[in-house]
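Colleague: Residue numbers (the numbering used here): 246 to 333.
Yeah, the Cβ is synthetic: ideal placement off N, Cα and C, and Gly gets one too.
#1: Thinking C-alpha only, which one of 294, 299 and 293 is nearest residue 281?
#2: Where residue 250 and residue 267 are concerned, what is the direct C-alpha to C-alpha distance, given to the nearest angstrom?
#3: DSSP state of residue 246, grouped into three classes?
#4: Output the distance between the C-alpha atoms of residue 270 and residue 252, rounded to the nearest integer angstrom.
#5: Mark residue 301 as exposed unless 16 or more other C-beta atoms lie within 10 angstroms of its C-beta, in which case mark it buried.
Below, the structure written as structure tokens:
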């Protein structure tokens with residue numbers, strides 16, 4: 246299914262919000278998530294929109310990365326696996 250241009254623009258704007266959130270909370274996975282979402286957008290877009298999507302997304306990523314991350318000290322710390330106690 247191909248997205249019409251207005252849906253693509255909406256999805257690109259949503260990507261900015263996601264990048265900002267990741268920049269502040271999980272910067273180590275930001276580029277992987279970015280690549281996944283841009284690829285997904287491109288697979289749902291007509292070929293004539295691919296260059297525009299890539300250019301807008303790369304510009305957006307660079308802009309978000311230039312901004313200082315505003316960390317939320319009250320945000321919960323989510324750990325995927327707790328540290329195992331060392332064997333004595």
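Modeller: By the coordinates alone:
#1: Ranking the options by Cα distance to residue 281, first place goes to 299.
#2: Residue 250 and residue 267: Cα-Cα distance of roughly 26 Å.
#3: In the displayed model, residue 246 falls within coil according to three-state DSSP, outside both helix and strand.
#4: A direct Cα-to-Cα measurement between residue 270 and residue 252 gives close to 27 Å.
#5: Buried, by the Cβ-count rule.
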